[in-house]
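Trainee:
Numbering (this note's numbering), first residue to last: 857 to 968.
#1: Would the stretch 890-903 count as touching the stretch 860-879 if we require 3 or more Cβ pairs under 8 Å?
#2: Between the stretch 908-924 and the stretch 881-899, do three or more beta carbon pairs fall short of 8 Å?
#3: Reducing DSSP to helix, strand and coil, say where residue 967 ends up.
#4: Which residue marks the beginning of the alpha helix (DSSP H) containing residue 857, and which one marks its end?
#5: Are residue 863 and residue 927 closer than 8 Å when you measure CB to CB?
#6: Does the stretch 865-874 come within contact of the stretch 888-898, defined as at least 3 CB pairs closer than 8 Å?
#7: First and last residue of the alpha helix (DSSP H) that includes residue 913?
As structure tokens, this is what we get:
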């Protein structure tokens with residue numbers, strides 16, 4: 857495994873810029889762009905490799921890895937009032953709290 861594989865690399869279409877944009881969440885913001893998605897990804901990989909070499913040359917620790925497997929579970933602390941409101945809304949829609957929240961989260965991330 858190459859060291860750059862430890863980092864999540866995202867290439868996404870920017871409607872505003874009318875091109876693909878590459879970034880590494882939590883480490884390197886939007887740092888490359890272009891019309892060809894695969895070429896932007898290759899450029900992004902090269903940028904990550906360069907940053908890794910810079911960190912090593914400066915004897916700085918690399919940021920924590922961001923590319924990992926996810927279990928599908930996480931703990932969310934909402935506070936009692938929001939917990940109650942979510943539970944009531946989920947009941948009123950005939951869904952479990954989990955199904956209701958998952959539906960809302962999917963909608964929130966897909967509307968980007």
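By construction, the Cβ of each residue, glycine as well, lies at the ideal position given by its N, Cα and C atoms.
Mentor: If we stick to the structure as given:
#1: yes
#2: yes
#3: The count along the chain shown starts at 1 and reaches residue 967 at position 111. Looking at residue 967 - three-state DSSP - the assignment turns out to be coil, as it is neither helix nor strand.
#4: Counting from 1 along the chain shown, the entry for residue 857 is found at position 1. It is not in any alpha helix (DSSP H) - residue 857 carries neither H nor E in the DSSP assignment.
#5: As a first step, residue 863 is located in the chain shown; it is residue number 7 there, counting from the start. As a first step, residue 927 is located in the chain shown; it is residue number 71 there, counting from the start. Contact flag unset, no.
#6: yes
#7: Locating residue 913 in the chain shown gives position 57, counting from the first residue. Its alpha helix (DSSP H) spans residues 893-913.
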